[in-house]
Amino acid sequence: MAFDVDGPTGDAMLDGSLRDNLRYFTEGAYGPWRAVPRLLGLLEEYSLVATFFVPTWVVEHWPARCEAILRAGHEIAYHGHRHEVFIDCTPDQQLEIMHRSAAVFRQRLGIGPVGFRTPSGDWSLQTAALLRDFGIVYSSSMRGDDRPYFHPSSDGKPGLVEIPGRWDIDDYTALAYFEDPDFPVGLDRIPDFRAVERNWRAEFEGFHRDGLCWTTIFHPKVSAKPGRLAILRGLFEAIRAHDDVWVARCRDVAQWWLDLHGFSDEVIA
Ligand SMILES: [Zn+2]
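Per full-length UniProt numbering, the very first residue in the sequence shown carries number 1; after that it's consecutive.
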């Protein structure tokens, strides 16, 4: 289970337009400020653990919320500093963002995360190797399979573990609605919440039936709102209706995958 706490980071922050658009800023700020505590309560109710991918600009501005995430036993991992578009960044720029993020995580939260989700949904050909050399163990950025896999490596050591998540189970595709600019383009209505819940449950049940690894791309600011929480509640009920589901943080999935392939000495600190 994974959530992205983007807050107000993203394209509007990167191009500077956020400064003049307080409405957009507050839509984003709602995530860490109001939605995260509500989501943490629901996860606790169902004894679920998760990974939270957090841009470090959000860490700097809502450190108490991030501390609450960690206190509850969840994982925090890399998601850029201001949600940079990695595919448009040079390898040097990507590395600079990673170093900056690492410093913020260390100074503000006292942690050294081992996971990464690309903020833009894409990255460049060099990124997987760059991240591994930086000390990252796993990514949840690409697609390609319904269970983890290794990115290629040529030095005998395991490549970056990929824990794929896809837009099929991204709450933006079903529940996001923004004006000016319109997003998603062409979608002018929020769908029936029960239909969204049914879709997500069906996705989960398919993965469960075949014994696969189901990874979500949910955003507290989108789906952890008072009414929409019922969708997540329905999903969590479906997960807890089975007694053979391993609900884990991504770092634990990565460690399991390494162990499974004979890399037990690659222990995640
Ligand atoms: Zn994001």
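Beta carbons are placed, not taken as given, at the ideal position from N, Cα and C, and that holds for glycine.
Since we're looking at a predicted model, the values are computed, not measured.
Which term fits D171, buried or exposed, when burial requires 16 or more other beta carbons within 10 angstroms of its beta carbon? Numbered from 1 along the sequence shown, position 171 holds the residue referred to as residue 171. Looking at its Cβ environment, which holds 16 or more other Cβ atoms inside 10 Å, D171 is buried.
Just to confirm, is the Cβ distance from Q93 to L130 under 8 angstroms? Translated into positions along the sequence shown, residue 93 becomes position 93. Translated into positions along the sequence shown, residue 130 becomes position 130. In this structure, L130 does not lie closer than 8 angstroms to Q93 by Cβ.
Environment of K157 [buried if 16+ CB atoms lie within 10 Å]: In the sequence shown, the residue the question calls residue 157 occupies position 157. Here K157 is exposed. Its C-beta has fewer than 16 other C-beta atoms within 10 Å.
Using only CA atoms, which one of I190, Y78, C89, G121 lies nearest to L109? Against the sequence shown, residue 109 aligns to sequence position 109. Proximity to L109 across I190, Y78, C89, G121 peaks at Y78, based on C-alpha coordinates.
Does ligand 1 have a heavy atom nearer than 7 angstroms to the CB of P119? Position 119 of the sequence shown holds residue 119. Because some heavy atom of ligand 1 lies under 7 angstroms away, the Cβ of P119 counts as near it: yes.
What are the residues that DSSP puts in a beta bridge with E162? For the purposes of this step, residue 162 is taken as residue 162 along the sequence shown, with counting starting at 1. In the DSSP output, where bridge partners are listed per residue, E162 has S139, Y149.
So, S153 versus G159, is the Cβ gap smaller than 8 angstroms? Indexing the sequence shown from 1 puts residue 153 at position 153. Indexing the sequence shown from 1 puts residue 159 at position 159. Cβ atoms of S153 and G159: closer than 8 angstroms.
Alpha helix (DSSP H) runs wholly inside the region 52 to 97, at least 4 long, in chain order: If we require 4 residues or more, the alpha helix (DSSP H) runs fully inside the region 52 to 97 come out as 56 to 61, 63 to 71.
Taking the alpha carbon of V36 as the reference point, which residue from E197, C213, G135, A224 has its own alpha carbon closest? Translated into positions along the sequence shown, residue 36 becomes position 36. Of E197, C213, G135, A224, the residue nearest in Cα terms is A224.
Less than 7 angstroms between the CB of D6 and some heavy atom of ligand 1, yes or no? To locate residue 6, count along the sequence shown from 1; it is residue 6. Under cutoff, so the answer is yes.
Name the DSSP bridge partner or partners of F3? Here residue 3 is taken as the residue at index 3 of the sequence shown, counted from 1. BP columns for F3 point to F52, F218.
Helix, strand or coil for D11 per DSSP? Mapped onto the sequence shown, residue 11 falls at position 11. Three-state result, D11: helix.
What's the gap between the Cα of G135 and the Cα of Q107? Translated into the one-based positions of the sequence shown, residue 135 becomes position 135. Translated into the one-based positions of the sequence shown, residue 107 becomes position 107. Roughly 18 angstroms between the two C-alpha positions.
Which same chain residues, not among the five before or five after L212, have their C-beta less than 7 angstroms away from its C-beta? Translated into positions along the sequence shown, residue 212 becomes position 212. Hits under 7 angstroms: D146, R147.
Could you name the residues that DSSP lists as bridge partners for D170? Residue 170 sits at position 170 when you count from the first residue of the sequence shown. D170 pairs with I217.
G115 - partner residues in DSSP beta bridges: Working through the sequence shown from its first residue, we reach residue 115 at position 115. In DSSP, G115 forms a bridge with Y138.
Compute every distance between the C-beta of D79 and the non-hydrogen atoms of ligand 1, then say whether any falls below 7 angstroms. On the sequence shown, residue 79 is found 79 positions in, with the first residue counted as 1. Looking at the sequence itself, residue 79 is His, so the reference to Asp does not match. H79 Cβ: within cutoff of ligand 1.
Taking 7 angstroms as the cut-off, is the beta-carbon of H74 closer than that to any non-hydrogen atom of ligand 1? Looking up residue 74 in the sequence shown gives position 74. Outside the cutoff, so no.
Any heavy atom of ligand 1 inside 7 angstroms of the beta-carbon of H83? What you label residue 83 is simply residue 83 of the sequence shown in a count that begins at 1. Set against 7 angstroms, the gap from the CB of H83 to the closest heavy atom of ligand 1 is smaller.
What would DSSP say about A248, mapped onto helix, strand or coil? Stepping through the sequence shown from its first residue, residue 248 is reached at position 248. Per DSSP, reduced to three states, the secondary structure at A248 is coil, with no helix or strand assignment.
Which residue marks the beginning of the alpha helix (DSSP H) containing F105, and which one marks its end? Locating residue 105 in the sequence shown gives position 105, counting from the first residue. From DSSP, F105 is part of no alpha helix (DSSP H); its letter is neither H nor E.
Assuming S101 and R117 form a contact by the criterion Cβ under 8 angstroms, report the distance between their Cβ atoms to the nearest whole angstrom. Your numbering for residue 101 matches position 101 in the sequence shown. Your numbering for residue 117 matches position 117 in the sequence shown. A Cβ-Cβ distance of about 12 angstroms is found for the pair S101 and R117, leaving them out of contact under the 8 angstroms criterion.
Could you tell me the distance, in whole angstroms, from the CA atom of V253 to the CA atom of M142? Stepping through the sequence shown from its first residue, residue 253 is reached at position 253. Stepping through the sequence shown from its first residue, residue 142 is reached at position 142. The straight-line gap from Cα to Cα measures roughly 16 angstroms.
Span of the alpha helix (DSSP H), counted from its first residue to its last, around H208: By one-based count along the sequence shown, residue 208 stands at place 208. 193 to 209 is the span of the alpha helix (DSSP H), which, as asked, contains H208.
Residues near V247 in its chain [Cβ-Cβ closer than 7 angstroms; skip 5 each side]: Position 247 of the sequence shown holds residue 247. Only residues of its own chain outside the window of five on either side were considered, and among them M1, L48, V49, I239 have a CB closer than 7 angstroms to the CB of V247, listed in chain order.
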